[in-house]
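Trainee:
Residue numbers (the numbering used here), protein chains in the order written: chain E, 801 to 1165; chain U, 801 to 1165; chain S, 801 to 1165; chain H, 801 to 1165.
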């Protein structure tokens, strides 16, 4: 398996650069006979789109999904499903000034060390625009999961040190996921705690005004999951979710269930008691031995502050000469609101892959 | 790729159950002509072995490594390297009493939901004994990395809420990794801060005396790494390390570099400035865009308290009847000291895989 | 690995249907820093193009290669290389009459049995047009091989029972491969024996006039190969070539070296003696134990007569009702001349994959 | 996917050398809940065993199958199934005389060129003994197929130029596969035409007496197959069977259905008419577009004469010095009777893999 593919059976292979012709993906292993809802895919892309509010980059990328293969009469056929989004607003010359400088916090230096050649136009292959493909894959995955009733949703929990109270949202996520989704979308931060959301927005604006950026924490939940998804060992959903999430640019930490919080508990506190209706608490975050318990799967992600900032930073050029760099351009001062749909998409994909695997080697439901 | 395999090019496939004939692994993609040091592999297995101190389970499993294939005259040949450890001390009847009960915190319930059948002998495939195979694979990986000078080492940072000060160890890890390794091994907790280590040991003994268990945090570092290991997108080392670590039983969180700590920083604080000698700080944990910067790769793992505890817990049997369970037997009251060599092994494997990939598709060093 | 991917390390994933938006492929594992010659790719596509002579279908498909990703400044970057050919001349309504009939010799019946749904427009995913993607992949592979001096070429040996004498061409292939290539291209049949070529052309015209089709045999050779390409067991080049060739629609047999002809020899005749300069004959077709000897790799393919014929044939519709079908349209009366570039491409790809694998796990050349 | 693995979803990874500790395999993707019949596996191994008659090598290898993992109470659990056969009768010193000579027809020269190191004990990894693992995998595959009623069987068709008449056997294979199997096993040549079988046996003995060897042709059939197994493009069963068969040492050609014989037919003759009951003839060998039609899948293999012969042959040593070699030892003078169970096993495996794939991405049967 190459580094551009993800999934054990349902497999996505993504391709494209931020300033090339576009971003796309090939999905292999999609069950045939699925009436694909392209609008639903477009909607997810729109959630990831820049320019949604004054908190995100004003680039107005119209990211229109195109189907290059795999559909007949609106139905999947079992053939590879290829989706493509053309790059419309690419202006590589914007990068001319800094083409030979290594941007701190970016992969410029490491890509050159890895390949001996580097596409300097907006990070090339390692651009955040690559996540477009993941959002599209996740939107297909959601449709595969829909039969089972599974819902994937998320929220921004913390930005710039401002902590939201997610108690209400969490309860809603379990009882009325569509309402919880709507709550998340209500505020441009995607934080469903209105007071915290406003504080976060202000913190983002403050940092932006200073040419700086901020980080935060996002939460993803998968609810109405059947028990028995996932496999032991390297097929554990914890592991696959870890791979999925930590392969998103800017994510530097992942927790399942109580995460680091579980480490101070005793076993008698951390073990979720089992009753006739299933687990009676959810410290494990919906996964035991990497396999779904039937309870909500809960994932937290640490998102670093955006690396591209206007403040001057110390760096070198690709010849090793010292330099000062200011990364101009239209960059999100906080990645959290736009990373959320990407993280949800990856969670959906991990689960849909597990569903297809269970069809192959599991008992009937 | 199946759920029992790990690695993109250098690939391990592990097999075996805790109470079957043994645990093994097939390594495909090992470079030929490597004079394999079997003693070094055995030493790593011994670090993982139970019964090393009064803090770990007294089971005296003599885990002797056997080579089933892939060596000629002590050299790797390019053929699959198969390593096997026979199970000596297995007593499946120890599990008869609880064969039909779901142990809280264990995968009994989920494995049955997944496969419709379950091996009740000590968790079967999903047993912690499976990590034996990973430790062996990691020991081979270390030998592949040795040519480049890479060293992988680790330490226990926190147990039962007792936090160690790793400043000294961290410095040592960078300047004299062998001394840092020795320091880690000095105390049975594998915490290199002697004061904290003693406190941790006491906390473990206290929990154990009450039939309970504790959790903690372990740290793994890879030092003397060349820049340019890893690939973008799903080949990011962050992602592969996330997969590797979160697929170890009991691990519920992973951080790279500053991890969740980075989320409260601003970009101007979080970005590591670049000087002629490379990055001048290491918030990124040695990885930018998933590719090594040349600085130390730093990983933190959240380890939950051992699920098997002697205290009575509420559960059901596999027919849904309520029951009380006490998991007797010889279980580690804290997983951290023994999970450390497993986590180091997985880090070594992820890096060795990246080295082989770079041979295939990178410039010469 | 899904059914739309080929290659162990250098991997192509093809997508597209004959009457969808187009045909494409993603290549993962291409070495970075390759100055990609797009004209050379286009030239190979043109060799596969319909409408090249009165012996092939008059459809004038202008198959223009587009690069969707993976190039910067004309150089490969290590990112996935995505190539795409839009379908220009597609007229799905041409298939309306026979949308519910199973064409004999085609996969209509089997695709429906496999997926429960079927794209009736010109065979959908299973169309011969899919081989476009393979030709493009092979053209890239040739460029990876060019550094080593490897040349891949071929010839039509037999059509409609007319057997060519390839002695001269075979000698030329070894001494002056470019001249041998030119000789092949001289006649629209791609048979380099002029007398036989004329007879073949007449046989094709005769069959075509009767609404019928003919089959034949094509030969592919790889010359100037270094010894030591390939791997044992399932990495044997014989096996991978078998997979490559028998996955081309219409191919029903493959021979390596003497093929079926070797079965009547004795060991003392079939074994190629080894001298200081290498093997002194080539019954083995350039492969021993699946690994290249350094001698020419020689492959023969059995190509069935085109399944689409104008003659009335007995069949059923998808409800099981008996029917008579005449497959109108512009179909090649003989696949051999156009299958040749596809077979060459697959051979090139198998070898380039082996080259990349050897970089990962072999000694330096 | 590495070179030691086969299968797209049901995957076997084989390991071991002819003179190492043993030969084994890991099967991933086996459906859980299968009551594994170990005797049936042993019986298939016994069919492959040397020393079955005076026509095969007198080495009396007692190849006893051992289960290293994946079974609980005789049932598969979804965990990797690992099977192992210890090497009992290995005497590496038998190879001392020729350790530095390249045996003509063997992979000695090519393995050294590939890996820079070579295990000289009886071909090491590339030994025919590796096929043990395939026979075991095939025996498991047969049990996966048994639910569907599928039967895999075969016959030797030609040895040393002696052609059998398989008309009767072919008919029997379709109507009473168990009787056809019994007929094959009746004669040590595994040729079910008694007259031809006797002639073949004599030809083998004659060659053997002269220190020489002979080749032949074997046929494998899969009958009582449901329609709809296989996938388009690289998942075509033709292609996977080609890979499977041409990766068996000594096989230099493969035909599906009419194979090379179809190339002289016209389309109107080669296309199998379709009636209400399915295809009315079987030129296509049970596969259209690589997917099963429901008719018998028919495969022919070209088997070269055994490379190890006692006659003196011209060669060089690994320093390039000319030499004469006589390969003493106990080698089969004809591979056909023992290659037959291997080829059947590979066919069974390809089909079982397709069955598991169809469970994942096909409609219900």
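C-beta: ideal position from N, C-alpha, C; glycine also.
Pull up the distance between the alpha-carbon of residue 1169 of chain S and that of residue 1042 of chain H, whole angstroms please.
Mentor: Since the first residue shown for chain S is 801 and the last is 1165, residue 1169 of chain S is missing from the structure and cannot be characterised.
Trainee: Return the residue from the list S:882, S:808, S:878 and S:934 that minimises the CA-CA distance to residue 1049 of chain S.
Mentor: The candidate whose alpha carbon is nearest that of residue 1049 of chain S is S:934.
Trainee: DSSP three-state label for residue 1102 of chain S, please.
Mentor: Here residue 1102 of chain S sits in strand by DSSP.
Trainee: Between the segment 808–823 of chain S and chain U, which residues of the former have a C-beta closer than 8 Å to a C-beta of the latter?
Mentor: Against chain U - using a Cβ distance shorter than 8 Å - the residues of the segment 808–823 of chain S are 809.
Trainee: Give a yes or no on whether the C-beta atoms belonging to residue 1123 of chain H and residue 901 of chain H are separated by under 7 Å.
Mentor: The answer is yes: Cβ separation under 7 Å.
Trainee: Compute the Euclidean distance between the alpha carbons of residue 1036 of chain U and residue 803 of chain E, then round it to the nearest angstrom.
Mentor: Rounded to whole angstroms, residue 1036 of chain U to residue 803 of chain E spans 8 Å at the Cα level.
Trainee: Can you check the segment 801–841 of chain U for any beta strand (DSSP E) of at least 3 residues that lies completely inside it and give the ranges in chain order?
Mentor: The qualifying runs are 811–816 and 822–828.
Trainee: Kindly say whether residue 914 of chain H, judged by its beta-carbon, lies nearer than 7 Å to any beta-carbon of chain S.
Mentor: By this cut-off, residue 914 of chain H is an interface position.
Trainee: Under 7 Å between C-beta atoms, does residue 882 of chain H make it to chain U?
Mentor: Yes, residue 882 of chain H lies at the interface with chain U (some Cβ there is under 7 Å from its Cβ).
Trainee: Going by alpha carbons, who is nearest to residue 940 of chain E out of E:880, E:994 and E:987?
Mentor: Ranking the options by Cα distance to residue 940 of chain E, first place goes to E:880.
Trainee: Residues of chain U with a CB under 9 Å from the CB of residue 1021 of chain E: which are they?
Mentor: Correct list: empty, because the minimum Cβ distance to chain U is about 16 Å.
Trainee: If you reduce the DSSP assignment to three classes, tell me which class residue 1074 of chain E lands in.
Mentor: Here residue 1074 of chain E sits in strand by DSSP.
Trainee: Please give the ranges of any beta strand (DSSP E) in the segment 1006–1072 of chain H, keeping only runs that are unbroken, at least 3 residues long and fully inside the region.
Mentor: The qualifying runs are 1016–1023 and 1051–1056.
Trainee: State the start and end residues of the unbroken alpha helix (DSSP H) segment that holds residue 932 of chain S.
Mentor: 931–946 is the extent of the alpha helix (DSSP H) around residue 932 of chain S.
Trainee: Tell me whether residue 1071 of chain S is buried or exposed, calling it buried when 16 or more other Cβ atoms sit within 10 Å of its Cβ.
Mentor: The residue in question, residue 1071 of chain S, is buried, as its Cβ has 16 or more Cβ neighbours within 10 Å.
Trainee: Taking the straight line between their C-alpha atoms, what separation do you get for residue 1044 of chain U and residue 1164 of chain E?
Mentor: Near 30 Å, if we compare the C-alpha coordinates of residue 1164 of chain E and residue 1044 of chain U.
Trainee: Quick one: does residue 1006 of chain S have its CB under 7 Å from some CB of chain E?
Mentor: No, its Cβ sits nowhere closer than 7 Å to a Cβ of chain E.
Trainee: Would you mind stating whether residue 824 of chain U and residue 1148 of chain U have Cβ atoms separated by less than 7 Å?
Mentor: No. Outside cutoff.
Trainee: Measure from the C-beta of residue 1156 of chain H to each C-beta in chain E and report whether the shortest distance is under 7 Å.
Mentor: Answer yes: the Cβ-Cβ gap between residue 1156 of chain H and chain E drops below 7 Å somewhere.
Trainee: Which chain U residues are close to residue 802 of chain H, counting only those with a beta carbon under 7 Å from its beta carbon?
Mentor: Result: 811, 828 and 829.
Trainee: Is the beta carbon of residue 945 of chain U closer than 7 Å to that of residue 977 of chain U?
Mentor: Not closer than 7 Å, so no.
Trainee: Does DSSP put residue 884 of chain U in a helix, a strand or coil?
Mentor: Strand at residue 884 of chain U.
Trainee: Determine whether the beta carbon atoms of residue 1137 of chain E and residue 921 of chain E lie at a separation below 7 Å.
Mentor: No, they are not a contact pair.
Trainee: What are the residues in the segment 1134–1163 of chain S lying within 8 Å of chain U by C-beta distance?
Mentor: Residues 1156, 1157, 1159, 1160, 1161, 1162 and 1163.
Trainee: Alpha helix (DSSP H) containing residue 914 of chain U: first to last residue?
Mentor: Unbroken alpha helix (DSSP H) run through residue 914 of chain U: 908–915.
Trainee: Verify the CB distance criterion: does residue 918 of chain U have a CB-CB separation below 7 Å to chain E?
Mentor: It does not; no Cβ of chain E falls within 7 Å.
Trainee: Could you spell out where the beta strand (DSSP E) holding residue 866 of chain E opens and where it closes?
Mentor: Segment 865–869, the beta strand (DSSP E) holding residue 866 of chain E.
Trainee: With a threshold of 8 Å, are at least 3 pairs of Cβ atoms found where one atom belongs to the segment 1059–1068 of chain H and the other to the segment 1092–1108 of chain S?
Mentor: Judged by Cβ distances under 8 Å, the segment 1059–1068 of chain H makes contact with the segment 1092–1108 of chain S, as three or more pairs qualify.
Trainee: Take residue 1079 of chain U as the anchor and find which of E:1053, E:1113, E:981 and E:1058 has the nearest alpha-carbon.
Mentor: Of E:1053, E:1113, E:981 and E:1058, the residue nearest in Cα terms is E:1113.
Trainee: What's the call for residue 982 of chain U, buried or exposed, on a 16-neighbour Cβ count within 10 Å?
Mentor: Its Cβ having fewer than 16 others within 10 Å, residue 982 of chain U is exposed.
Trainee: What does a CB cutoff of less than 7 Å around residue 923 of chain U pick up in its chain, not counting 5 residues either side in sequence?
Mentor: Once the five neighbours on either side are set aside, the close Cβ partners of residue 923 of chain U are 818, 906 and 907.
Trainee: Any beta-carbon of chain H closer than 7 Å to the one on residue 878 of chain E?
Mentor: Taking Cβ atoms only, chain H reaches closer than 7 Å to residue 878 of chain E, which makes this a yes.
Trainee: How is residue 1124 of chain H classed by DSSP in three states: helix, strand or coil?
Mentor: Strand at residue 1124 of chain H.
Trainee: Under 7 Å, Cβ to Cβ, is there at least one residue of chain S near residue 903 of chain E?
Mentor: By this cut-off, residue 903 of chain E is not an interface position.
Trainee: Give the range of the alpha helix (DSSP H) segment to which residue 1139 of chain S is assigned.
Mentor: Per DSSP, residue 1139 of chain S belongs to the alpha helix (DSSP H) from 1136–1161.
Trainee: Taking just the CA atoms, how far does residue 942 of chain S sit from residue 911 of chain H?
Mentor: If I take the Cα positions, the gap works out to 24 Å.
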